[in-house]
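In order, the protein sequences belong to chains L, P and S.
Using this note's numbering, the letters of the first sequence map in sequence onto residues 4 to 156.
Using this note's numbering, the letters of the second sequence map in sequence onto residues 25 to 101.
Using this note's numbering, the letters of the third sequence map in sequence onto residues 61 to 414.
Positions of the beta carbon are idealized from the N, C-alpha and C atoms, including for glycine.
Working notes for the structure below.
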Amino acid sequence: MPKHIVSGLKYLTAVELIREGLSQKEVAKILEIDRSTVSHYLNGRNLSWNSIEVAEIITKFCPKDFLTLTYALLNDSEKTRVIVKTCSKKSYKGSVEESCIGCGLCVDTCLLNAIVLDDLKARVDSDWCNGCNMCRDVCPTDSIKILEVNNGY
Amino acid sequence: MVELKVDQDKCLGCGNCVVACPVNGSISPEVASGHGSKTEETIMMVENGLIKLFNPDKCTKCGTCPLFCPTDAIFLE
Amino acid sequence: MVTNTKEVKGKDICVQRVSPEEKRELAYKDDVCVGCGICAKICPTEAIELGEIGAIERTGVDESKISIDETKCVLCGMCSSPCPVDALDLKLDEKSIKDMAEYPKLIKSAEISDDLCIYCKACETACPRDAITIARILPERSKLVTGEIEIDKDTCISCGICEEMCPADAIEMEHHEPTSSDPTVSSDIKVDKEKCVYCLICRKSCPVDAIKAVCRSCSYGDYDLNPEDTETTGSSFIDEEACVNCGWCQEICPVDAAKVEKAFEGELTINQDKCEACGTCVDICPCNVLSFPEEEFGVQGDKLQADERFCIYCGACENACPVEAIDVKRTAVKHTPTKSKSWEKQLSELKTQT
């Protein structure tokens, strides 16, 4: 069953990446699947609609659950990043206050590798942040704020 | 957690620890000059020839009393 | 979920956090720690607690001077930065933050100039932490001797006075009992030229003038010596781990060869009314700042005195004092710059709290 959910998530990601203009070859490379599988996905073959439905439900979980569940299913940081970021519809902006002590706990916690330390201060890369807030939860000095950004409005 | 302890079997009742203790001295100055305490507020006192802890919670674990005890009857561990 | 692990080796402590991103490791060395408690004060997560330093240092209580709660520690390294003796060190992927420009570190140093040092060893003796080693090579004594003696064995009566008088044990007689075949008391008298310092005590004490002095320079002076032959050479070494930058070496050096830069400036005040003369502070102070000077010869005084020339304002004495008779104030904390506002603030707060 977990295998099927992963397929569903990969399907959703493949469809979205193609929509964004990537070629089938590129999508196959990113998701580490055969090019023919991408083709099958796009034609709705070799995949049960149930798997897709379950995957769709997962993408609608709160960002933290979506991320941790996907990571648990794939156990692969890079693919988790692509799937979660591609299937997340919302954008987030992280801001870090001066009270940050640069302990790096957020860096080590972030499953999307969206945080780096610059001169003992954390910096959140909005391109990768999916708003899971795990960084905020572990921060010992409550220095991180993650806000949802209203796209295009 | 370091605690102040006494072993009455070893105690000679000499009172060196009572006099040496800096906290006792600040609570009851007459103790520091070798006289009996006028209060029961000091950390330890000699009672019936043996050392007894009255207020061990006031001890700051400075380690002075063990240095003056001739028989290791008062110690920190 | 990233979690910390703690390893305790003897009294040393090591807290680690390993993630795919990096490895953070905080190492604490108990033998280096002076128990000042600055780490406990600056820790932003209250993960460090100062132990019962008096009991540990004075009565051999078998505990580390600090304890680190690995469930609270976030491996930020803020404790290691202001540690005046570098007992704490945070390493990021095996590299110490003390070698990283973005992390502030205390500006402190102690060095002995080999150009100026005359290898008198005063600093080695004075250093309260036994951190200094002076290795010296003395000049060859024989090169400083300006002449030699000769004994006229025909005149010598073998009295042995020169042998007894010689301060360098350079004269040796071969004593024996006289016999009818050899009615003398000594078969020979020898001068060890390696030992003889040409002091001429032998010649002056010889009752029969059997000793002749042969001066190499025809004059009893040292102007014929090669200056290089008279020089003491050597090297100095400061064990940086043991050094606390107290300044004893600088104060005691007769030729200003030792230079010490201290990270903290401040003031130490003793409240004589409160002091019970228990001596805890004297035993705790890593710099031999505090003492009870003798009031009269041979009588131990009970009035606490501080020599602030040697104080590093670490505050260990204040923390250890059981009756709050000592107040240590820091007025300056000198450190390399940091762009982090929080680090700057925490380091600056060490000025107000001791």
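Local Cβ density within 10 Å of residue 10 of chain L, reported as buried at 16 or more and exposed below that:
On the first sequence, position 7 is the one that residue 10 of chain L refers to. By the neighbour-count rule (16 or more Cβ atoms within 10 Å), residue 10 of chain L is buried.
Using a Cβ cut-off of 9 Å, which residues of the segment 38–49 of chain P contact any Cβ in chain S, in chain order?
Here the close residues are 44, 45, 46, 47, 48, 49.
Are the Cβ atoms of residue 339 of chain S and residue 88 of chain P separated by less than 8 Å?
Position 279 of the third sequence, counting from 1, holds the residue named residue 339 of chain S. Position 64 of the second sequence, counting from 1, holds the residue named residue 88 of chain P. For residue 339 of chain S and residue 88 of chain P, yes; Cβs fall inside 8 Å.
Please decide whether residue 134 of chain L counts as near chain S, where near means a Cβ-Cβ distance under 8 Å.
Looking up residue 134 of chain L in the first sequence gives position 131. No, its Cβ sits nowhere closer than 8 Å to a Cβ of chain S.
Residue 123 of chain L to residue 91 of chain S, Cα distance in whole Å?
On the first sequence, residue 123 of chain L is found 120 positions in, with the first residue counted as 1. On the third sequence, residue 91 of chain S is found 31 positions in, with the first residue counted as 1. In a straight line, the C-alpha of residue 123 of chain L is about 29 Å away from that of residue 91 of chain S.
For the alpha helix (DSSP H) holding residue 171 of chain L, just list the boundary residues, first then last.
Any answer about residue 171 of chain L is impossible in this case: the structure gives chain L only from 4 up to 156.
Where does the unbroken alpha helix (DSSP H) through residue 35 of chain P begin, and where does it stop?
The residue given as residue 35 of chain P occupies position 11 in the second sequence. Where residue 35 of chain P is concerned, there is no enclosing alpha helix (DSSP H), given that its DSSP letter is neither H nor E.
Members of the segment 391–403 of chain S near chain L, C-beta cut-off 7 Å
398, 399, 400, 401, 402, 403
Could you check which residue in L:75, L:141, L:89, L:115 has the C-alpha nearest to that of residue 59 of chain L?
Locating residue 59 of chain L in the first sequence gives position 56, where the first residue counts as 1. It is L:89 whose Cα lies nearest to the Cα of residue 59 of chain L.
If we count the other Cβ atoms within 10 Å of its Cβ and call it buried at 16 or more, is residue 391 of chain S buried or exposed?
Residue 391 of chain S sits at position 331 when you count from the first residue of the third sequence. With fewer than 16 other Cβ atoms inside 10 Å of its own Cβ, residue 391 of chain S counts as exposed.
Collapsed DSSP secondary structure at residue 313 of chain S in the structure displayed
Looking up residue 313 of chain S in the third sequence gives position 253. Secondary structure of residue 313 of chain S (DSSP, three-state): coil.
CB contact below 8 Å: residue 26 of chain P versus chain S:
Taking the first residue of the second sequence as position 1, residue 26 of chain P is located at position 2. Interface residue, yes.
Rounded C-beta distance between residue 127 of chain S and residue 111 of chain S? I'm assuming under 8 Å.
For this step, residue 127 of chain S is matched to residue 67 along the third sequence. For this step, residue 111 of chain S is matched to residue 51 along the third sequence. Going by Cβ atoms, the distance from residue 127 of chain S to residue 111 of chain S rounds to 6 Å, so yes, they are a contact pair.
Coarse secondary structure for residue 261 of chain S, derived from DSSP in three states:
Looking up residue 261 of chain S in the third sequence gives position 201. Residue state, collapsed to three classes: helix.
Kindly confirm or deny that the segment 325–333 of chain S and the segment 197–205 of chain S touch, where touching means at least three C-beta pairs closer than 8 Å.
no
Less than 8 Å between C-beta atoms, sequence neighbours within five positions excluded: which residues of the same chain meet that for residue 62 of chain P?
Taking the second sequence and counting its residues from 1, one reaches residue 62 of chain P at position 38. Non-local C-beta neighbours of residue 62 of chain P in its own chain, meaning closer than 8 Å and more than five positions away in sequence, comprise 52, 54, ordered along the chain.
Among S:227, S:289, S:336, nearest to residue 361 of chain S - alpha-carbon criterion:
Taking the first residue of the third sequence as 1, we reach residue 361 of chain S at position 301. Selected option, being the one with the closest Cα: S:336.
Check whether residue 8 of chain L and residue 45 of chain L have beta carbons under 8 Å apart
Position 5 of the first sequence holds residue 8 of chain L. Position 42 of the first sequence holds residue 45 of chain L. Cβ distance not < 8 Å, so residue 8 of chain L and residue 45 of chain L don't count as in contact.
Is it right to say residue 61 of chain S is buried, meaning 16 or more other beta carbons lie within 10 angstroms of its own, or is it exposed?
Counted from its first residue, the third sequence places residue 61 of chain S at position 1. Around the C-beta of residue 61 of chain S, fewer than 16 other C-beta atoms lie within 10 Å, and the residue is accordingly described as exposed.
Need the endpoints of the alpha helix (DSSP H) that residue 108 of chain L sits in, please.
Here residue 108 of chain L refers to the residue found at position 105 of the first sequence. Taken as a continuous stretch (DSSP letters only), the alpha helix (DSSP H) holding residue 108 of chain L covers 108–112.
Is the beta carbon of residue 131 of chain L closer than 8 Å to that of residue 116 of chain L?
Position 113 of the first sequence, counting from 1, holds the residue named residue 116 of chain L. Position 128 of the first sequence, counting from 1, holds the residue named residue 131 of chain L. Their beta carbons are under 8 Å apart, which means residue 116 of chain L touches residue 131 of chain L by this criterion.
Beta carbons nearer than 7 Å to chain L: which residues of the segment 129–143 of chain S have them?
134, 135, 136, 138
Own chain partners of residue 118 of chain S with C-beta closer than 6 Å, once the 5 adjacent residues on each side are dropped:
Indexing the third sequence from 1 puts residue 118 of chain S at position 58. So the qualifying residues of the chain are 343.
In chain order, which continuous runs of the beta strand (DSSP E) of length 3 or greater are located wholly inside the segment 291–366 of chain S?
293–298, 318–321, 324–330
Looking at the ligand SAH, does it come within less than 7 Å of residue 248 of chain S, judged from the CB to the closest heavy atom?
As for the ligand SAH, it is missing from this structure, which has no ligand bound.
Classification of residue 23 of chain L by the beta-carbon crowding that lies within 10 angstroms, buried from 16 upward
Start at 1 with the first residue of the first sequence, and residue 23 of chain L comes out as number 20. Exposed.
Rounded C-alpha distance that separates residue 48 of chain P from residue 386 of chain S
Walking along the second sequence from the start, residue 48 of chain P turns up at place 24. Walking along the third sequence from the start, residue 386 of chain S turns up at place 326. Residue 48 of chain P and residue 386 of chain S have their alpha carbons spaced roughly 18 Å apart.
Kindly indicate the opening and closing residues of the beta strand (DSSP E) around residue 207 of chain S.
Start at 1 with the first residue of the third sequence, and residue 207 of chain S comes out as number 147. Taken as a continuous stretch (DSSP letters only), the beta strand (DSSP E) holding residue 207 of chain S covers 207–211.
Count the CB pairs spanning the segment 36–47 of chain P and the segment 68–78 of chain P that are closer than 8 Å, and state whether there are at least three.
Taking 8 Å as the limit for Cβ pairs, the verdict is that the segment 68–78 of chain P does touch the segment 36–47 of chain P.
Jot down the residue ranges of each uninterrupted alpha helix (DSSP H) in the segment 113–142 of chain S, minimum 4 residues, whole runs only, in chain order.
Assignment of alpha helix (DSSP H) within the segment 113–142 of chain S, counting only whole runs of 4 or more residues, yields 113–119 in chain order.
For residue 99 of chain P, three-class secondary structure by DSSP:
Here residue 99 of chain P is taken as the residue at index 75 of the second sequence, counted from 1. Of the three classes helix, strand and coil, the one that applies to residue 99 of chain P here is strand, per DSSP.
N-terminal and C-terminal residue of the beta strand (DSSP E) that residue 169 of chain S is part of
Counting from one through the third sequence, the residue named residue 169 of chain S turns up at place 109. Note, residue 169 of chain S: beta strand (DSSP E), 169–172.
Measuring CB atoms only, is the segment 186–194 of chain S touching the segment 283–299 of chain S, in the sense that at least three cross pairs come out at less than 8 Å?
yes
Three-pair Cβ contact test at 8 Å for the segment 260–267 of chain S versus the segment 148–165 of chain S:
Fewer than three pairs of CB atoms, one per stretch, sit closer than 8 Å, so the segment 260–267 of chain S makes no contact with the segment 148–165 of chain S.
With a CB to CB cut of under 6 Å and the five nearest residues on each side skipped, what residues in its chain are close to residue 67 of chain S?
Here the question's residue 67 of chain S lines up with position 7 in the third sequence. So the qualifying residues of the chain are 74.
Helix, strand or coil for residue 156 of chain L? Go by DSSP, reduced to three states.
For this step, residue 156 of chain L is matched to residue 153 along the first sequence. Note on residue 156 of chain L: pLDDT 47, under 50, position unreliable in the model; no value is reported.
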